[in-house]
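So the sequences go chain by chain: A and B.
Oh and the first sequence: position 119 is 119 in the numbering used here, straight run, nothing missing.
Quick note, the numbering used here runs 1000 ahead of the 1-based positions in the second sequence.
2 protein chains.
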Amino acid sequence: MGNADYEQLLRGASLRVTRPRVAVLGAVTENAHADTETILGAVRERLPDVSHQAVYDSLAALSAAGIVRRIQPSGSVARYETRVGDNHHHVVCRSCGNIADVDCAVGHTPCLTASDDNGFVVDEAEVIYWGTCPQCQAAQRSK
Amino acid sequence: MGNADYEQLLRGASLRVTRPRVAVLGAVTENAHADTETILGAVRERLPDVSHQAVYDSLAALSAAGIVRRIQPSGSVARYETRVGDNHHHVVCRSCGNIADVDCAVGHTPCLTASDDNGFVVDEAEVIYWGTCPQCQAAQRSK
DNA sequence: TCCCGTTTCTTGACTCATTCAAGATTTCGC
DNA sequence: GCGAAATCTTGAATGAGTCAAGAAACGGGA
């Protein structure tokens, strides 16, 4: 993806096209599941003088527009990804915090209809799998 | 539940029985989904001089022992509940942050087997439904 | 019941992701 | 190009949660 594509995305969402936003979009695309600090670093490779606030603002705007998705497993700082709208979920490693994508086993929005919703109008179901990643399994075995 | 029951629970988990822990267990039981600050307040009604650190430590010990469950939806501070081990999930209101319990529609650990686990050993699947609670729906309609 | 080693609690300082605020810039419809 | 509105820069503030050192409490064994 080039900057032109990112601009398209922004315009399509009725967002103003600014250099920080384009750079943030690029950084998130190239760094799936990265935290804000990592994204800030990646953005500054393209745009050395962005403020961290601009990155926070951009991420918030992009999230609100549905262009990026914010994920934040317990005990972690906020992380972002651009793969949106395909009902995929995440596995998080309990020991190193690594995150990987997982497609839900049961087809379309499965088990994602609450049996008794307490009157809530539910618009999204989020699944997080907790476990141990291959590297940490190996590390534990060798202890 | 009385304090004797809480003491049983603690001993059953090989945890030392201390007054802060008993009070914390009581506070969490009576305040489902409460955040740490609320729990601290409730604990201090029973034990006026507990330090916040003791509450944090107790909550960590109880969580590690599986007696309480810690939940932390994106954008929220940590919350705790004592209903554990029954595979139930939560609905979170996007506008007011309220949380309610939900029993999973599909029987036992459904859709909770990732189709491709990337080599992770998964030990838990956590589901969070996002939506709008009845009160906030009413508030929005009347606008 | 008392003692002692270990765990837990108290106190108080500190971290750091995120937010807030005010003023300067930039974007984009006209 | 112009100007209003949105966005960005700078710098300070917030606050949940953590860290550390010493004091107190717990509970197994005498």
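Note that CB positions come from ideal geometry on N, CA and C, so glycine has one too.
Proximity of residue i and residue j at Cβ, strictly below 7 Å
| i | j | result |
| --- | --- | --- |
| residue 1043 of chain B | residue 1028 of chain B | no |
| residue 1128 of chain B | residue 1033 of chain B | no |
| residue 1020 of chain B | residue 1076 of chain B | no |
| residue 1081 of chain B | residue 1069 of chain B | yes |
| residue 1014 of chain B | residue 72 of chain A | no |
Buried versus exposed, by CB contacts within 10 Å (16 or more), residue i
| i | result |
| --- | --- |
| residue 1061 of chain B | buried |
| residue 64 of chain A | exposed |
| residue 79 of chain A | buried |
| residue 84 of chain A | exposed |
| residue 1026 of chain B | buried |
Cα-Cα separation between residue i and residue j, rounded to whole angstroms
| i | j | result |
| --- | --- | --- |
| residue 1022 of chain B | residue 5 of chain A | 58 Å |
| residue 124 of chain A | residue 1130 of chain B | 5 Å |
| residue 40 of chain A | residue 132 of chain A | 28 Å |
| residue 51 of chain A | residue 101 of chain A | 30 Å |
| residue 1036 of chain B | residue 38 of chain A | 29 Å |
| residue 87 of chain A | residue 126 of chain A | 9 Å |
| residue 24 of chain A | residue 1118 of chain B | 27 Å |
| residue 1045 of chain B | residue 31 of chain A | 47 Å |
| residue 120 of chain A | residue 47 of chain A | 43 Å |
| residue 16 of chain A | residue 10 of chain A | 7 Å |
| residue 103 of chain A | residue 18 of chain A | 33 Å |
| residue 1067 of chain B | residue 49 of chain A | 49 Å |
| residue 91 of chain A | residue 134 of chain A | 12 Å |
| residue 1136 of chain B | residue 12 of chain A | 30 Å |
| residue 144 of chain A | residue 89 of chain A | No answer is possible for residue 144 of chain A: the residues shown for chain A start at 1 and end at 143. |
| residue 1140 of chain B | residue 1096 of chain B | 12 Å |
| residue 1053 of chain B | residue 1008 of chain B | 23 Å |
| residue 3 of chain A | residue 122 of chain A | 35 Å |
What residue ranges within the segment 30-93 of chain A form continuous alpha helix (DSSP H) runs of no fewer than 4 residues, ordered along the chain? 36-46 and 52-65
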